[in-house]
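Only one structure is covered here, and it is reproduced in the block below.
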Amino acid sequence: MNHEQILIAPSILASDFAAFGAEARRAQDDGADWIHLDVMDGHFVDNISFGPAAVAAIAKHTTLPLDVHLMIQRPDHFLPRFLAAGARHVLVHVEPAAQHDVRQTLAAIRAAGCLAGLVINPPTPFAALEPYWGQFDTLLVMTVNPGFGGQAFLPETMEKVAAARAQRTARGLQFHIQVDGGINAETAPLAREHGANVFVAGTSVFHAPDMAAAIRALR
Ligand code: DX5
Ligand code: ZN
Numbered sequence: 024m025n026h027e028q029i030l031i032a033p034s035i036l037a038s039d040f041a042a043f044g045a046e047a048r049r050a051q052d053d054g055a056d057w058i059h060l061d062v063m064d065g066h067f068v069d070n071i072s073f074g075p076a077a078v079a080a081i082a083k084h085t086t087l088p089l090d091v092h093l094m095i096q097r098p099d100h101f102l103p104r105f106l107a108a109g110a111r112h113v114l115v116h117v118e119p120a121a122q123h124d125v126r127q128t129l130a131a132i133r134a135a136g137c138l139a140g141l142v143i144n145p146p147t148p149f150a151a152l153e154p155y156w157g158q159f160d161t162l163l164v165m166t167v168n169p170g171f172g173g174q175a176f177l178p179e180t181m182e183k184v185a186a187a188r189a190q191r192t193a194r195g196l197q198f199h200i201q202v203d204g205g206i207n208a209e210t211a212p213l214a215r216e217h218g219a220n221v222f223v224a225g226t227s228v229f230h231a232p233d234m235a236a237a238i239r240a241l242r
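Residue numbers for the sequence shown follow the numbering used here, beginning at 24 and rising by one.
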């Protein structure tokens with residue numbers, strides 16, 4: 024795990040839902056590092072996307088790591104199904120509304136040999152992360168309120184990105200810092216300056232006239 028490495032993770036949520044396989048392959052061919060999959064249950068967020076069956080179908084079309092972002096209640100309950108579907112990274116929310124034992128879920132993800140991710144929403148205080156330092160391999164700082172693609176980047180979230188980098192140094196830890204929401208060639212450099220190294224991008228990649236150029240621009 025090298026947190027100096029810049030990684031681009033296109034979010035399949037912005038792709039053609041009737042062509043997930045081809046869209047994942049297109050992202051891989053055009054230079055993506057990971058494929059980001061946004062799973063939404065209509066409870067934790069006010070939208071419904073797709074579940075483990077779609078993850079398993081996409082896994083057949085790409086060799087890139089599947090970065091599975093669970094915006095659902097009880098991610099611990101559904102974890103075995105996402106692991107069986109081929110998730111390589113599993114990211115779970117720190118907010119109490121997700122209704123799980125965060126420490127145990129992170130440990131279960133690592134025990135499965137996957138990269139464990141913790142996610143924090145814009146309104147959640149940074150201090151919510153306090154019990155979990157050292158227990159995750161990637162920290163995803165949401166740069167929009169989750170639920171929908173195509174929203175505007177919230178610059179105030181950069182404070183959390185910088186604070187995460189400071190904690191990582193102070194505690195001598197290793198973890199990626201991811202940003203997700205409204206990431207494009209204008210906002211990615213700002214997130215980079217504050218310490219992010221993994222850039223999740225839906226609209227700016229999948230809706231670009233030239234995906235390879237859009238990924239290069241982010242990088
Ligand atoms: C938001 C999701 C994001 C979303 C990003 O709920 O977690 O991954 O797909 O989409 P854009 O890049 O369009 O903001
Ligand atoms: Zn996401």
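Idealized CB from N, CA, C, for every residue including glycine. Since the structure is predicted, the reported quantities are computational estimates derived from the model, not experimental observations.
Cβ neighbours of residue i in the same chain (closer than 8 Å, five flanking residues each side left out)
i	result
Leu241	Ile31, Ile206, Asn207, Ala208, Ala211, Phe222, Ala224, Ser227 and Val228
Gly157	Arg194 and Leu196
Ala55	Ile31, Ala32, Pro33, Leu87, Val228 and Ile238
Ala175	Val167 and Gly205
Arg126	Pro154, Tyr155 and Gln158
Val78	Leu60, Val62, Leu89, Val91, Phe105, Ala108, Gly109 and Ala110
Ala76	Ala108
Cys137	Leu106, Ala110, Arg111, His112 and Val113
Proximity test, residue i beta-carbon vs the ligand DX5 heavy atom, cut-off 8 Å
i	result
Leu87	no
Thr192	no
Asp233	no
Met63	yes
Gly74	no
His112	no
Thr226	yes
Asp169	Per the sequence presented here, residue 169 reads as Pro, with Asp not at that position. Yes; taking the cut-off as 8 Å, the Cβ of Pro169 has a heavy atom of the ligand DX5 nearer than that.
Gln122	no
Residue i, buried or exposed, once every other Cβ within 10 Å from all chains shown has been counted against 16
i	result
Glu179	exposed
Ile200	buried
Phe40	exposed
Asp52	exposed
Arg49	buried
Asp259	Residue 259 is absent from the model: the chain starts at 24 and stops at 242.
Pro148	exposed
Pro154	exposed
Asn25	exposed
Lys183	buried
Gly172	buried
Thr192	exposed
His59	buried
Asp124	exposed
Ala150	exposed
Pro140	Per the sequence presented here, residue 140 reads as Gly, with Pro not at that position. Buried: at least 16 other Cβ atoms inside 10 Å.
Gly218	buried
His112	buried
His100	exposed
Ala37	buried
Distance cut-off 8 Å: residue i Cβ against heavy atoms of the ligand ZN
i	result
Asp92	It should be pointed out that residue 92 corresponds to His in this sequence rather than to Asp. Yes, the ligand ZN has a heavy atom inside 8 Å of this Cβ.
Leu36	yes
Asp11	Shown here, the chain extends from 24 to 242; a query on residue 11 therefore has no answer.
Leu106	no
His66	no
Residues near residue i in its chain [Cβ-Cβ closer than 6 Å; skip 5 each side]
i	result
Ile81	Phe43 and Ala47
Gln122	Gln96 and Arg97
Pro169	Val68 and Met94
Ala187	Leu162 and Ile200
Beta carbon proximity, residue i to chain B, threshold 9 Å
i	result
Arg188	Reference to chain B is not applicable here, since this structure consists of a single protein chain.
One or two residues paired with residue i in a DSSP bridge
i	result
Ser34	His59
Gln201	Leu163 and Val221
Leu138	His112
Leu93	Val62 and Val115
Neighbourhood of residue i by C-beta distance below 7 Å, restricted to the same chain and skipping five residues each side
i	result
Val62	Ser72, Phe73, Gly74, Val91, His92, Leu93, Met94 and Ile95
Phe198	His26, Phe159, Asp160, Thr161, Leu162 and Arg191
Ile29	Asn220 and Arg242
Any non-hydrogen atom of the ligand ADP closer than 8 Å to residue i Cβ
i	result
Ile81	Judged by which ligands are present, the ligand ADP is missing from the structure shown, whose ligands are the ligand DX5 and the ligand ZN.
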